[in-house]
Amino acid sequence: MPLFFITFFSLYALMHLYFFMKLRRAFVLSRMATVLIAVNLALLTFSPIAARVAAREMILPWAYPLNYAAYCWLAFMFLFCSVSAAWDAGRLLRWIGYRLFSRRKRAKARKTKKTERTVFVIPALLSLTICIYGYFEAHSIRTETITIPTTKLTERIRIVQISDLHLGVTVREDQLRRVISAIKHAQPDMLVGTGDLVDIDDGFLDGMDRPFQEIRPRLGKYAVLGNHEFLWNTDDALAFFARAGFRTLRGETLSVDGQIVIAGVDDPHGARIGRSRTVNEKKLLGNLPGDRFILLLKHRPLVDPDVLGMFDLQLSGHTHRGQIFPFSVATWLYYPKHAGKLHLLDGSYLYVNRGSGTWGPPIRFLAPPEVTVIDLVPGKPAGH
Numbered sequence: 004m005p006l007f008f009i010t011f012f013s014l015y016a017l018m019h020l021y022f023f024m025k026l027r028r029a030f031v032l033s034r035m036a037t038v039l040i041a042v043n044l045a046l047l048t049f050s051p052i053a054a055r056v057a058a059r060e061m062i063l064p065w066a067y068p069l070n071y072a073a074y075c076w077l078a079f080m081f082l083f084c085s086v087s088a089a090w091d092a093g094r095l096l097r098w099i100g101y102r103l104f105s106r107r108k109r110a111k112a113r114k115t116k117k118t119e120r121t122v123f124v125i126p127a128l129l130s131l132t133i134c135i136y137g138y139f140e141a142h143s144i145r146t147e148t149i150t151i152p153t154t155k156l157t158e159r160i161r162i163v164q165i166s167d168l169h170l171g172v173t174v175r176e177d178q179l180r181r182v183i184s185a186i187k188h189a190q191p192d193m194l195v196g197t198g199d200l201v202d203i204d205d206g207f208l209d210g211m212d213r214p215f216q217e218i219r220p221r222l223g224k225y226a227v228l229g230n231h232e233f234l235w236n237t238d239d240a241l242a243f244f245a246r247a248g249f250r251t252l253r254g255e256t257l258s259v260d261g262q263i264v265i266a267g268v269d270d271p272h273g274a275r276i277g278r279s280r281t282v283n284e285k286k287l288l289g290n291l292p293g294d295r296f297i298l299l300l301k302h303r304p305l306v307d308p309d310v311l312g313m314f315d316l317q318l319s320g321h322t323h324r325g326q327i328f329p330f331s332v333a334t335w336l337y338y339p340k341h342a343g344k345l346h347l348l349d350g351s352y353l354y355v356n357r358g359s360g361t362w363g364p365p366i367r368f369l370a371p372p373e374v375t376v377i378d379l380v381p382g383k384p385a386g387h
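Sequential numbering of the sequence shown, starting at 4, is according to this note's numbering.
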């Protein structure tokens with residue numbers, strides 16, 4: 004974890020330095036203005052730390068605006084650097100192409116303040132526009148429906164999956180109401196949560212369990228712990244799930260309705276920090292009856308090759324599909340199975356939910372939040 008923070012803040016500091024250099028080249032600044040901007044950018048670099056400290060210590064009411072400001076700025080800075088770096092790369096390629104292939108000698112172009120101002124202002128305005136649009140996208144829940152035929156069921160069973168809701172400081176009651184509304188509209192037989200449903204200590208979750216209590220699927224509600232439930236107070240997260248009516252599965256299996264067996268495992272981050280134990284999935288799934296539909300709940304979309312064929316469907320989340328493009332490229336590189344339904348092997352399927360809320364910035368771009376409806380229906384799977 005220390006390595007993650009060192010890497011993150013090193014990159015974040017470089018992003019602020021890049022922004023500062025672009026700003027200075029675009030505008031004529033007095034010495035006082037330069038110093039003030041530099042100091043403010045330095046403070047903004049570490050604003051996520053201040054925001055999290057305010058949340059952890061429950062410094063109210065400052066925790067809410069501090070978190071919103073810090074993470075909205077993070078989103079803007081990420082987008083600005085992405086757009087601006089792509090622009091600079093295009094200018095560099097154009098210059099290289101001209102140098103390599105042009106037959107005419109060209110006078111050296113003068114880099115005027117007007118040109119540099121354009122190069123700064125357009126990415127800044129585009130990034131701001133994306134942030135504004137992304138705020139509304141983050142609050143527009145989509146219901147994704149998939150159908151999986153199986154010979155192991157005699158009747159349709161509807162499972163609704165939520166994941167990565169991150170209830171806490173920036174994801175509040177308004178987003179929860181949207182998610183609950185989508186769940187109710189789907190009329191599930193079973194509700195499952197695949198981790199990171201909460202992202203803060205219990206003090207910020209007061210009353211947020213009540214909307215979940217209104218949902219009473221006939222086959223129950225089940226959840227597993229994600230990495231963020233281990234970043235804060237794990238006992239608070241477990242207490243919240245219990246109040247909300249979820250059965251938390253921690254390296255265990257449970258038979259439901261005589262046709263489905265649900266298996267759930269903790270996120271591996273829990274074992275790394277000593278709050279959980281590593282589960283051998285092969286042992287967990289190896290002795291389950293082959294005539295039951297095996298549903299595996301696992302926060303990260305990682306599939307152990309040794310257990311392929313031992314489960315019918317794995318439901319995961321974690322990646323948010325990057326949440327803000329182009330960060331989705333990074334999540335795709337790290338988690339190639341980072342969104343959607345995939346047929347794996349030997350009858351095993353994986354579905355990766357994009358997330359029902361947001362982490363950090365209350366913004367999404369080209370990765371809308373979702374509630375997933377999975378219809379398990381009697382029938383022979385395609386290709387089998």
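Ideal Cβ positions, reconstructed from N, Cα and C, are used throughout, including at glycine.
Item: How is the beta strand (DSSP E) around Tyr338 delimited, first residue to last?; Value: Where Tyr338 is concerned, there is no enclosing beta strand (DSSP E), given that its DSSP letter is neither H nor E.
Item: By alpha-carbon positions, which one of Ile377, Glu373, Pro384 ends up nearest to Thr146?; Value: Glu373
Item: If I'm right that Tyr337 touches Lys344 with Cβ under 8 Å, what's the distance once you round it to whole angstroms?; Value: Not a contact, Cβ separation roughly 20 Å.
Item: Got a sec, what are the start and stop residues for the beta strand (DSSP E) Pro191 sits in?; Value: Note, Pro191: premise wrong, no beta strand (DSSP E); not H, not E.
Item: For Met24, is the classification buried or exposed, using 16 other Cβ atoms within 10 angstroms of its Cβ as the cut-off for buried?; Value: exposed
Item: Where in the region 145-232 do unbroken runs of the beta strand (DSSP E), each at least 3 residues long, occur, reported from the N-terminal end onward?; Value: 145-153, 160-165, 193-197, 224-227
Item: Does the region 268-276 come close enough to the region 241-257 that 3 or more CB-CB pairs lie under 8 Å?; Value: yes
Item: Closest by CA to Phe243, which one among Phe215, Arg120, Leu379?; Value: Phe215
Item: How about the region 118-127 and the region 29-42: do they share at least three Cβ pairs that are nearer than 8 Å?; Value: yes
Item: In terms of residue numbering, what span does the beta strand (DSSP E) encompassing Pro381 cover?; Value: 373-381
Item: Would you kindly check if the distance between the Cβ of Lys117 and the Cβ of Val227 is under 9 Å?; Value: no
Item: For Ala110, which of helix, strand or coil comes out of DSSP?; Value: Residue confidence is low: Ala110 scores 46 on pLDDT, short of 50, so the model does not pin down where it sits. No coordinate-derived value is stated.
Item: Pick out the complete beta strand (DSSP E) segments inside the region 309-334, 3 residues or longer, and give them in chain order.; Value: 316-319
Item: Going by alpha carbons, who is nearest to Leu128 out of Pro292, Phe83, Arg246, Val380?; Value: Phe83
Item: In the DSSP assignment, find the alpha helix (DSSP H) that holds Gly267 and state where it starts and stops.; Value: It is not in any alpha helix (DSSP H) - Gly267 instead sits in the beta strand (DSSP E) that spans 263-267.
Item: What is the DSSP secondary structure of Val306, reduced to helix, strand or coil?; Value: coil
Item: My guess is that Leu287 and Thr256 are in contact by the Cβ rule of under 8 Å, so how many angstroms apart are they, rounded?; Value: 7 Å
Item: Who are Glu119's beta bridge partners in DSSP?; Value: Note: Glu119 sits in no beta bridge, so no partner.
Item: Do Lys383 and Pro152 have their CB atoms nearer than 9 Å?; Value: yes
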